[in-house]
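In what follows, a structure is listed as structure tokens, so that the remarks can point back to it.
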Amino acid sequence: MSNLSSNPIGLFDSGIGGFSIFTTLKKIIPREKIIYVLDNKYAPYGYLTKSKLKERSIEIINFLISKKSKTIIIACNTVTTNLINFLRNKYSLPIIGVEPGVVPASLKTKTGIVGVLATRLTISSYLFKKTSKNIIKNVRIISKEGKNLIEIIENDKIEKNSTLKVLKSLINPMIKENADVLVLGCTHYTFLVNQIKKIIKNKMTIIDTSEAIAIQTKKILNNERLVSNSKENNSNLFFYTGKPIKSKILINEKLRKIKI
Ligand code: DGL
Numbered sequence: 004m005s006n007l008s009s010n011p012i013g014l015f016d017s018g019i020g021g022f023s024i025f026t027t028l029k030k031i032i033p034r035e036k037i038i039y040v041l042d043n044k045y046a047p048y049g050y051l052t053k054s055k056l057k058e059r060s061i062e063i064i065n066f067l068i069s070k071k072s073k074t075i076i077i078a079c080n081t082v083t084t085n086l087i088n089f090l091r092n093k094y095s096l097p098i099i100g101v102e103p104g105v106v107p108a109s110l111k112t113k114t115g116i117v118g119v120l121a122t123r124l125t126i127s128s129y130l131f132k133k134t135s136k137n138i139i140k141n142v143r144i145i146s147k148e149g150k151n152l153i154e155i156i157e158n159d160k161i162e163k164n165s166t167l168k169v170l171k172s173l174i175n176p177m178i179k180e181n182a183d184v185l186v187l188g189c190t191h192y193t194f195l196v197n198q199i200k201k202i203i204k205n206k207m208t209i210i211d212t213s214e215a216i217a218i219q220t221k222k223i224l225n226n227e228r229l230v231s232n233s234k235e236n237n238s239n240l241f242f243y244t245g246k247p248i249k250s251k252i253l254i255n256e257k258l259r260k261i262k263i
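Read left to right, the sequence shown gives residues 4 to 263 (this note's numbering).
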């Protein structure tokens, strides 16, 4: 075991989306301490310029490193698909990212048509385009930008009828085209699953990559000899950068403001 093993894992996203990854990590590696930055000052990331996203990701990762993070989890598809290679080259510590699960989706589809919901910047990224192109031949990807979805989730509007309407406008055209798999290409969208299920019924299977990220993190910590042997499991820290976050999703967590 290395002497860094008792250090925390640093995790970030533009907001609540990362909490879906956080929750899965806590199930799979409960003893690891996690420092989570919700960068709500710059949310939604999906509408930043790529250079602003880069600048911001560096600022947040530097903060997480200053808090002694032993590894970084980018709990955000938008940052991963646009910057993962750049960030891995820049930093020497392990960096784990999350990207839309188009590969598992392409293995699952029977109709050969896969729907993807993701942010604008994810859909336009080179990595997303490349992965979508390289998947099994004869699989067609229908990608839709989840416009307004971040705002809906961050502001506790998930259960509203108007949200169901927005989701229908995105998903029904996919069903019409015979898509039978739906990839959640943004960590925020996990919180929409109950609403999404009302629309897709048994017509589509949902692919969410948060569990795969937690399993991958466990593997990397093992390989790098960074597994924590701490007995405590509730010493996580949550930081936000913008206005106070009032969402009920985080009701049990203590959030601290940071100025970066
Ligand atoms: N949760 C993020 C993602 O997975 C960011 C969404 C956003 O802020 O636009 O892409």
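Idealized CB from N, CA, C, for every residue including glycine.
Check                                                                                                         : Outcome
Pairwise C-alpha distance: T114 and A182                                                                      : 7 Å
Nearest-angstrom Cβ-Cβ length linking I101 and I216, presumed shorter than 8 Å                                : As written in the sequence, residue 101 is Val, which differs from the Ile given in the question. Confirmed, Cβ separation roughly 5 Å.
heavy atom of the ligand DGL below 6 Å from N74 C-beta                                                        : Position check: residue 74 holds Thr in this sequence, whereas Asn was assumed. Answer for T74: no, Cβ out of range of the ligand DGL.
Under 7 Å between C-beta atoms of N306 and G188                                                               : Residue 306 is absent from the model: the chain starts at 4 and stops at 263.
Residue range of the unbroken beta strand (DSSP E) whose run includes E148                                    : 143 to 148
Those residues which DSSP pairs with T208 across a bridge                                                     : V184
Residue span of the beta strand (DSSP E) that contains L120, given as start and end                           : 116 to 121
Residue environment, N158, which counts as buried when at least 16 other CB atoms sit within 10 Å             : exposed
Coarse secondary structure for Y94, derived from DSSP in three states                                         : coil
heavy atom of the ligand NAP below 6 Å from N181 C-beta                                                       : The ligand NAP is absent from the structure shown, which contains only the ligand DGL.
Whether P97 touches I223 by CB criterion (7 Å)                                                                : yes
Exposed unless 16 or more other CB atoms sit within 10 angstroms - verdict on F22                             : buried
Where the beta strand (DSSP E) containing F242 begins and where it ends                                       : 240 to 243
Within the segment 13 to 48, ranges of the beta strand (DSSP E) (whole runs, at least 3 residues)             : 37 to 41
Inter-stretch contact (C-beta, 8 Å, three-pair minimum) for the segment 137 to 144 and the segment 167 to 178 : no
Beta-carbon spacing of T74, S213 below 7 Å                                                                    : no
Option in I263, T84, I77 with minimal Cα separation from K133                                                 : T84
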